[in-house]
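Worksheet: the structure to be examined is printed underneath.
Protein chains in written order, with this note's numbering: chain A, 1 to 175; chain B, 176 to 307.
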């Protein structure tokens, strides 16, 4: 059967590159915003977000806190670390999965039933929360994620490696 | 359409399901979700997220985004059917509402540290101006 359509040298790679850069930008922006919006009491939870390649990957919550009970009462806030997304290693490798590895992540994400993080303690004393209740659900479903994806797409279009596609050989394809 | 009207719009269908299923409805900031382990109850709350326009506090609010959270607490030891029926009712009611852009859940789990069977569904919202 005869082939139809045009063949544009390098175009598939170009599209792949755009897709990968967008995904990387998006993943890093999302994590940065999660760090800003989420709780940061010791800063340990904030610095334990991870980005792994592949979609729907399981990220186990196995890391126990390194702070002792007394240290947690009056901690020095760890500075925010920049979390970077790994590069894709092949064409089959696409998409990212974002998660937090702390064992107590469900509490920090307000996904534990009863809202332990924000509920008043038994003594009635309110907790010193560093993020509002339901911050994570609001982040994911309340429009912020969508805005970040839009911002990432815009940012990726300004990436020098994907601007000015020229086709041709690999060495001269991007300018 | 003010914030209370929006809450009412999304809360009433949940209250309908509570009435149908004999589940006590507990509005946010009224009662602690503690109490007797043989009772079943529902908590529902609305949180606002990103706003598209600079009209957060007053004026004609449009394109407000948020999340509506419905949580069911039921007694342990009677199987998940009751929770499933309740959540099915809520989701079916929400299919008829405007402004639902995503549904996450329902999740079902037996709680380890509290005597309840728990379920949660969350709805992502983009609230239209003509919400009536």
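We put the beta carbon where it would ideally sit given N, CA and C, even for glycine.
For residue 188/B, the enclosing alpha helix (DSSP H) starts and ends at 178-196.
A straight line joining the alpha-carbon of residue 101/A with that of residue 63/A spans about 6 Å.
Under a criterion of Cβ atoms nearer than 8 Å, no residue of chain B is adjacent to residue 125/A; the nearest Cβ is some 15 Å distant.
Membership of residue 282/B in the beta strand (DSSP E) is indicated by the continuous run 275-285.
Secondary structure of residue 127/A (DSSP, three-state): coil. Around residue 293/B, the beta-carbon contacts reaching into chain A at under 8 Å are 113. Between the segment 284-293 of chain B and the segment 126-141 of chain A there are fewer than three C-beta pairs closer than 8 Å, too few to call the two in contact. Excluding its 5 nearest sequence neighbours in each direction, residue 20/A has C-beta neighbours in its own chain below 7 Å: 88, listed in chain order. Scanning 57/A, 97/A and 45/A for the CA closest to the CA of residue 65/A turns up 45/A. Measuring C-alpha to C-alpha distances from residue 261/B to each of 185/B, 196/B and 182/B identifies 196/B as the nearest. For residue 116/A, there is no enclosing alpha helix (DSSP H), as DSSP gives it neither H nor E. For residue 34/A, the closest of 41/A, 69/A, 140/A and 56/A by C-alpha to C-alpha distance is 140/A. Look at residue 200/B: its C-beta is not under 8 Å from any C-beta on chain A.
For the pair residue 258/B and residue 128/A, the Cα-to-Cα distance works out to about 33 Å. Shortest Cα-Cα distance from residue 57/A to any of 105/A, 153/A and 98/A involves 98/A.
Separation of residue 143/A and residue 254/B (C-alpha to C-alpha, rounded to the nearest whole angstrom) is 36 Å.
The beta carbon of residue 81/A is closer than 7 Å to those of 47 in its chain, skipping five residues each way along the sequence. Residues of the segment 128-141 of chain A with a Cβ closer than 9 Å to any Cβ of chain B, in chain order: 132, 133, 134, 135, 137, 138, 139, 140 and 141. Judged by DSSP in its simplified three-state form, residue 32/A adopts helix.
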